[in-house]
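Since the structure comes first, as structure tokens, the remarks are kept for the end.
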Amino acid sequence: MARQAQLTQVQQEQMRHLFKLASNIVNAQGYSKVFADQLCLKEKVEEIQNELDATKKKLNDTKENLAATDYELSILRMQREDMFTIRRR
Numbered sequence: 001m002a003r004q005a006q007l008t009q010v011q012q013e014q015m016r017h018l019f020k021l022a023s024n025i026v027n028a029q030g031y032s033k034v035f036a037d038q039l040c041l042k043e044k045v046e047e048i049q050n051e052l053d054a055t056k057k058k059l060n061d062t063k064e065n066l067a068a069t070d071y072e073l074s075i076l077r078m079q080r081e082d083m084f085t086i087r088r089r
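UniProt numbering puts the sequence shown at residues 1 to 89.
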């Protein structure tokens with residue numbers, strides 16, 4: 001949840017940068033400044049996308065681990081039930 005809040009904060013920062021970039025274009029403060037800002041934003045977007053992809057992969061790995069653990073637990077439960085059934089006979 002903290003990571004999501006951090007991403008949201010970064011996204012807000014990106015929006016501020018985008019508005020500043022638009023303002024620079026409107027105010028004609030120079031192509032090189034605008035280009036540098038665009039490049040900076042592009043790099044930040046790529047960085048955030050990479051972080052998001054890594055987070056999604058970790059989440060998927062965690063889900064797979066949980067599914068495997070659940071499967072193993074179900075096998076253990078069945079074995080335990082079989083043992084109780086055998087003892088009762």
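Glycine residues also receive a C-beta, built at the ideal position from the N, C-alpha and C atoms.
On a predicted model such as this, the values are computed, not experimentally measured, just so you know.
Contact fails between the region 46–54 and the region 64–74, because fewer than three Cβ pairs, one in each stretch, are under 8 Å apart. Apart from sequence neighbours up to five positions away, no residue of its chain approaches residue 49 with a beta-carbon distance below 6 Å. When rounded, the separation of the alpha-carbon atoms in residue 69 and residue 57 is 18 Å. As the crow flies, the alpha-carbon of residue 21 is around 18 Å from that of residue 46. Contact annotation, residue 14 with residue 44: C-beta distance approximately 6 Å; criterion of less than 8 Å satisfied.
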